[in-house]
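Be aware that the sequence shown starts at 2, since it is given in our numbering, and climbs by one per residue.
Note that CB positions come from ideal geometry on N, CA and C, so glycine has one too.
It should be emphasised that the depicted structure is a prediction, and the values quoted were computed from it without experimental measurement.
Let me begin by presenting the structure, written as C-alpha cells, before commenting on it.
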Amino acid sequence: MGYRGGRFSGIAFTSERVLDRWGDPYRRSSLAPAGWAEPSATIIHGAIGDREHDVVLWNAVPAHPHLPGAPLTNRAPTVAEVAAGSPLLDAVIAIVRPRVVVAIGRTAERLLGARATTAVRHPAQGGATACRAGLAGVWTAPQDGAVAT
2 MGYRGGRFSG IAFTSERVLD RWGDPYRRSS LAPAGWAEPS ATIIHGAIGD
52 REHDVVLWNA VPAHPHLPGA PLTNRAPTVA EVAAGSPLLD AVIAIVRPRV
102 VVAIGRTAER LLGARATTAV RHPAQGGATA CRAGLAGVWT APQDGAVAT
C-alpha cells in the first residue's frame, strides 16, 4: 500500500482522486489540497474501467510500509509483513469467494501461490503496459468477477 494511494484512501490501488471521482460517501482523509493521485491506482482503475465496482482490490500487505520516521515514503515490505498479511488475504478470499483471483506483482504472486488464477506485472517501475495487457486478458477470459491483490 503506497503513501499516495491506500495510506489515505484505505483501499488497495485506490488514490484520493479516485475517491473524488466516486463521490459520496467516499471522502479523502489527507490535507493535500487536490488529494493524492497515485500512478499505480490510476493504471489499475484505468485497466478495470467500468468494472471497478465489481472488483475487490486487496493488498498482499494491507499496511503501508514506509521508511522509519518518514510516513510519506514507500519501501518494500519485509518477509514478516508479507506473512502477516496472509491470514487477512485468506479471509477476504473466503468471504468474497471470487471466480478469479489475480496476483498483481511478484509479492502477491508469491503470497497467493496456487490460490491465484493468474498473475500480472505490477504497474510500478515501468510495468504499466504489461499490467494493462495482463488485466485486459483477465477481462476477456470466460470467467467474470475477480479479486485483485
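Can you grab the Cα-Cα spacing for the pair residue i / residue j, in whole Å?
i, j, result
"residue 83", "residue 44", "23 Å"
"residue 124", "residue 133", "8 Å"
"residue 3", "residue 91", "21 Å"
"residue 105", "residue 130", "13 Å"
"residue 11", "residue 89", "15 Å"
"residue 85", "residue 23", "31 Å"
"residue 161", "residue 18", "There is no way to answer for residue 161, as the model of the chain reaches only from 2 to 150."
What are the boundary residues of the alpha helix (DSSP H) that includes residue i?
i, result
"residue 112", "107-113"
"residue 35", "No alpha helix (DSSP H) holds residue 35; DSSP gives it neither H nor E."
Which first and last residues belong to the beta strand (DSSP E) in which residue i is found?
i, result
"residue 58", "56-58"
Tell me which same chain residues have a C-beta within less than 7 Å of the C-beta of residue i, skipping the five on either side of it?
i, result
"residue 145", "Its pLDDT being 48, under 50, residue 145 is placed unreliably in this model, and the value from its coordinates should be taken loosely. Contacts found: 100."
"residue 192", "The chain is shown from 2 up to 150; residue 192 falls before or after that span and cannot be answered."
"residue 21", "29 and 36"
Quick one: what's got a C-beta closer than 8 Å to residue i's C-beta in the same chain, skipping five residues either side?
i, result
"residue 137", "48"
Quick check on residue i: buried or exposed, where buried means 16 or more other Cβ atoms within 10 Å of its Cβ?
i, result
"residue 46", "buried"
"residue 79", "exposed"
Identify, in the order they occur along the chain, each residue of the same chain with its Cβ nearer than 6 Å to the Cβ of residue i, setting aside the five sequence neighbours on each side.
i, result
"residue 120", "104 and 110"
Between the Cα of residue i and those of the options, spot the shortest distance and give me the residue it belongs to.
i, options, result
"residue 7", "59, 33 and 86", "59"
"residue 31", "98, 16 and 42", "16"
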